[in-house]
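Residue numbering for the sequence shown follows the numbering used here, beginning at 1 and increasing consecutively.
C-beta atoms are modelled at their ideal positions from N, C-alpha and C, and glycine is treated no differently.
For reference, the structure discussed in these notes is given below.
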Amino acid sequence: MKVKPLADRVLIQPTAAEEVTASGIIIPDSAKEKPLKGKVLAVGNGTKDEEMVLKEGDNVLYGKYAGTEVTIDGEKVLIMRQNEVLAVIE
């Protein structure tokens, strides 16, 4: 399915949470830290007041509680406003 965000929204694929094991203990998904970085999959056109500076393929950092999680084609992605993105990783 092709998804095109509207206005100043971006579609982000979070990077996989790192699985940390210590002494053979398996950490369940519910106890893992939520990833705070991801890859931009799609961007909107921006608004008349805010130009879209992000582009597809950018690796970004975002806030812990930023965005809304949605499932598209069985894959969990985030949709958020451009101003919720903290930085672009170069």
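In this structure the segment 38-54 lies against the segment 80-90, because at least three pairs of beta carbons, one per stretch, are closer than 8 Å.
Sequence-distant partners of residue 75 (beyond 5 residues in either direction) whose C-beta falls short of 8 Å from its own C-beta, in its chain, are 13. A check of alpha carbon separations from residue 87 across 41, 63, 11, 7 identifies 63 as the nearest. Ranked by Cα distance from residue 58, the first of 3, 7, 40 is 40. With a 10 Å radius around the Cβ and a threshold of 16 neighbouring Cβ atoms, residue 73 comes out exposed.
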